[in-house]
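Shown next, in structure tokens, is the structure this report addresses.
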Amino acid sequence: MVDPKKLMQKAVEFHGHSCPGVTIGVMAAKYILEHGHDFSVDEELVAVVENDNCSVDALQALLGTTFGKGNLVFKDYGKNNYTFYNRTKEKAVKLSLNPKKSLRSEDLTREERIEKMLKMEPRDLFNIKQVEFSPPSKAKIHESIKCDNCGDPTMATRIEEHAGKRLCIPCYQKIKKN
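Just so you know, we're using the numbering used here here: the sequence shown kicks off at 129 and counts up by one.
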């Protein structure tokens, strides 16, 4: 059994403060850790998150799913949905926050809400279902190309061609705007 208070402490150290959003991430991580998935040293575990809120910091701190390793994928859908792919076990699970269980509508202080969530079982906080194992591709390291406008080295897959010049996205957007 994973102690959610210890997870919360580690997540707060990473995030900077305690809040319900971090708690949601802690409880998602608790479920993943209790179901045979370990901290991801490389890309063994992949998290596809559908929001950029505080919960994602907890997942980075507790599960080792990070942007830098390429095993944290952000989809800007504005949903508290988290899909985890275990490449070693070839299994996938999706956790979706159950709005009826997130305690938002109850008349609780922020601290009371956090405490109440930490006492819940993840299955009571999330709708959980096994999903098809179709993880994102492993992270690739791409060549850097110098932007012809600002001179910054830019990942080749992010270079735009315009009027015979190779431009980084900000320079391309600036030229297209004018």
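Ideal placement from N, C-alpha and C gives every residue a C-beta, glycine not left out. This structure is a prediction, so every number in the text was calculated from the model and none was measured.
Start and end of the beta strand (DSSP E) containing A156? For the purposes of this step, residue 156 is taken as the residue at position 28 of the sequence shown. Element bounds for A156: not the beta strand (DSSP E) but the alpha helix (DSSP H), 148 to 162.
Compare the beta carbon distance of L173 and A157 with 8 Å and say whether it is the shorter of the two. Locating residue 173 in the sequence shown gives position 45, counting from the first residue. Locating residue 157 in the sequence shown gives position 29, counting from the first residue. Going by C-beta atoms, L173 is not nearer than 8 Å to A157.
Decide yes or no for the touch test of the segment 154 to 168 against the segment 210 to 224: beta carbon pairs closer than 8 Å, at least 3 of them. yes
Close Cβ partners of L191 (< 7 Å) along its chain, the five nearest in sequence each way excluded: Stepping through the sequence shown from its first residue, residue 191 is reached at position 63. These residues qualify, in order along the chain: A157, I160, F167, S168, L173, A175.
Just checking my contact of K229 with L253 at CB under 8 Å: how many whole Å lie between their CB atoms? On the sequence shown, position 101 is the one that residue 229 refers to. On the sequence shown, position 125 is the one that residue 253 refers to. Sure, about 5 Å apart at Cβ, within 8 Å.
Where do the ends of the beta strand (DSSP E) carrying L295 lie? Here residue 295 corresponds to residue number 167 of the sequence shown, with the count starting at 1. 293 to 295 is the extent of the beta strand (DSSP E) around L295.
In this structure, does DSSP put S183 in helix, strand or coil? Taking the first residue of the sequence shown as position 1, residue 183 is located at position 55. Reduced to three states, the DSSP call for S183 is helix.
With S146 and I242 assumed to form a contact (beta carbons below 8 Å), what rounded beta-carbon distance in angstroms separates them? Along the sequence shown, read from residue 1 onward, the residue named residue 146 stands at position 18. Along the sequence shown, read from residue 1 onward, the residue named residue 242 stands at position 114. Between I242 and S146 the Cβ distance is about 6 Å, and since that is below 8 Å, they are a contact.
Kindly indicate the opening and closing residues of the beta strand (DSSP E) around K219. In the sequence shown, residue 219 corresponds to position 91, counting from 1. K219 -> beta strand (DSSP E) spans 219 to 225.
I think K181 touches N226, with their Cβ atoms under 8 Å apart; what is that distance to the nearest whole Å? As a working note, residue 181 is residue 53 in the sequence shown. As a working note, residue 226 is residue 98 in the sequence shown. The question names Lys, but residue 181 in the sequence shown is Asn. No, N181 and N226 are not in contact; Cβ-Cβ is about 16 Å, not under 8 Å.
Can you tell me the Cα-Cα spacing of K244 and G144, whole angstroms? Counted from its first residue, the sequence shown places residue 244 at position 116. Counted from its first residue, the sequence shown places residue 144 at position 16. Distance between the alpha carbons of K244 and G144: 21 Å.
Can you tell me which of the three DSSP states F142 falls into? As a working note, residue 142 is residue 14 in the sequence shown. Here F142 sits in helix by DSSP.
Three-state secondary structure (DSSP) at P281? Translated into the one-based positions of the sequence shown, residue 281 becomes position 153. Correct three-state label for P281: strand.
So what's A175 in DSSP terms, helix, strand or just coil? In the sequence shown, residue 175 corresponds to position 47, counting from 1. If DSSP states are grouped into helix, strand and coil, A175 belongs with the strands.
Per the DSSP calculation, K274 is bridged to which residue(s)? By one-based count along the sequence shown, residue 274 stands at place 146. Answer by DSSP bridge pairing, in chain order: P281.
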